[in-house]
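*Asks:*
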Amino acid sequence: MEMKDCRIAGLRDNKKIHQAIRTILKEIGEDPNREGLKRTPYRVAKAYEEWCGGYWFKPKDVLDRQFTESCGIVIEGPISFTSLCEHHLAFFTGSAYICYIPDKYVTGLDKLVKLVEIYARRLQVQERMTAQIADGLFKNLKCKGVMVVVKAKHLCVSSRETKNDTTETITSEVRGVFCKDLGARQEVMNLINMKDVK
Ligand SMILES: [Zn+2]
1 MEMKDCRIAG LRDNKKIHQA IRTILKEIGE DPNREGLKRT PYRVAKAYEE
51 WCGGYWFKPK DVLDRQFTES CGIVIEGPIS FTSLCEHHLA FFTGSAYICY
101 IPDKYVTGLD KLVKLVEIYA RRLQVQERMT AQIADGLFKN LKCKGVMVVV
151 KAKHLCVSSR ETKNDTTETI TSEVRGVFCK DLGARQEVMN LINMKDVK
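The opening position of the sequence shown corresponds to residue 1 in my numbering, with each subsequent residue numbered one higher.
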């Protein structure tokens with residue numbers, strides 16, 4: 001199962017969505033029939049196939065390959081992502097670090113990137129997305145612990161009344177041994193900082 005196939009079948013041709021987009025265009029004072037906007041309802045519907053394509057995947061779909069390997073901490077990142085805030089349908093973009101301590105098994109590194117994608121491509125709040133990524137990995141890969149750190153900028157904050165384009169939101173979630181092991185958490189943060197969190 002590939003993320004590039006991550007499309008909601010038929011959404012681009014969904015007439016109800018086209019009509020809804022036309023209504024928005026009209027109500028903001030535009031002419032939905034002018035040349036530049038004629039195909040906009042179709043284009044928006046098609047874009048939503050990708051932006052919301054993550055609903056069609058479960059973590060076990062991407063964590064299907066696991067290999068026997070004993071090693072210490074594994075950290076993948078920064079994994080860049082784009083998601084849609086469910087309160088404003090505005091984008092938030094940033095990067096995630098996924099860290100886990102294997103218990104006899106590891107998964108492909110690209111699978112961790114895909115795990116972020118399946119939760120980013122939905123209507124989200126960053127707090128829940130971070131928890132879902134952590135649970136998705138902890139429940140589907142036999143491991144001792146998981147730690148996920150997400151850093152993102154929200155367009156609904158930077159482009160609206162607050163107009164603050166410097167602030168970022170940082171969220172983290174821990175599962176398993178990381179819940180009690182402060183030292184392990186500190187080690188992960190040190191390793192991430194070596195890689196210069198952006
Ligand atoms: Zn928002």
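We put the beta carbon where it would ideally sit given N, CA and C, even for glycine.
#1: For the candidate residues Arg12, Glu50 and Pro102, whose alpha-carbon lies nearest to that of Ile73?
#2: Just to check my reading of the structure: Lys151 and Glu168 have Cβ atoms closer than 8 Å, yes? What is that Cβ distance to the nearest angstrom?
#3: Per DSSP, what are the beta-bridge partners of Gly77 in this structure?
#4: Is Leu137 closer than 9 Å to Val146 when the C-beta atoms are compared?
#5: Contact defined as beta carbons within less than 8 Å: I believe Ile17 pairs with Ala45. What is the distance between those atoms, to the nearest angstrom?
#6: Please classify Asn201 as buried or exposed, where buried requires at least 16 neighbouring CB atoms within 10 angstroms.
#7: Identify whether His18 lies in helix, strand or coil by the three-state DSSP scheme.
#8: Could you tell me whether the stretch 20-39 touches the stretch 51-66, using the rule of 3 or more Cβ pairs below 8 Å?
#9: Between the alpha carbons of Val197 and Cys156, how many angstroms are there, rounded?
#10: Please go through the same chain and pick out, in chain order, the residues whose beta-carbon is closer than 6 Å to the beta-carbon of Val174, but skip the five residues on each side of it.
#11: Count Cβ pairs between the stretch 180-191 and the stretch 108-127 that sit closer than 8 Å; are there 3 or more?
#12: Run through DSSP, which three-state label would Glu30 get?
#13: Can we count Cys85 as close to ligand 1, meaning its CB is less than 8 Å from some heavy atom?
#14: Identify every run of the beta strand (DSSP E) within the stretch 88-166, keeping only runs that are complete inside it and at least 3 residues long; order them along the chain.
#15: With a threshold of 6 Å on Cβ separation, who are the neighbours of Pro41 within its own chain once the five nearest residues in sequence on each side are excluded?
*Replies:* Reading it off the structure:
#1: Checked all of Arg12, Glu50 and Pro102; the closest Cα to Ile73 is Pro102.
#2: In this structure Lys151 touches Glu168 by the C-beta definition: roughly 6 Å separates them, less than 8 Å.
#3: Paired residue(s): none; Gly77 is not in a bridge.
#4: yes
#5: 5 Å between Cβ atoms; contact.
#6: Any question about residue 201 goes unanswered here, given that the chain covers just 1 to 198.
#7: helix
#8: no
#9: Caution applies to Val197, whose pLDDT of 49 falls short of 50 and renders its modelled position unreliable; the value that the coordinates give is listed next. Rounded to whole angstroms, Val197 to Cys156 spans 22 Å at the Cα level.
#10: Met147
#11: no
#12: Here DSSP, grouped into helix, strand and coil, assigns Glu30 to coil.
#13: yes
#14: 90-102, 105-107 and 143-154
#15: Once the five neighbours on either side are set aside, the close Cβ partners of Pro41 are His18, Ile21 and Arg22.
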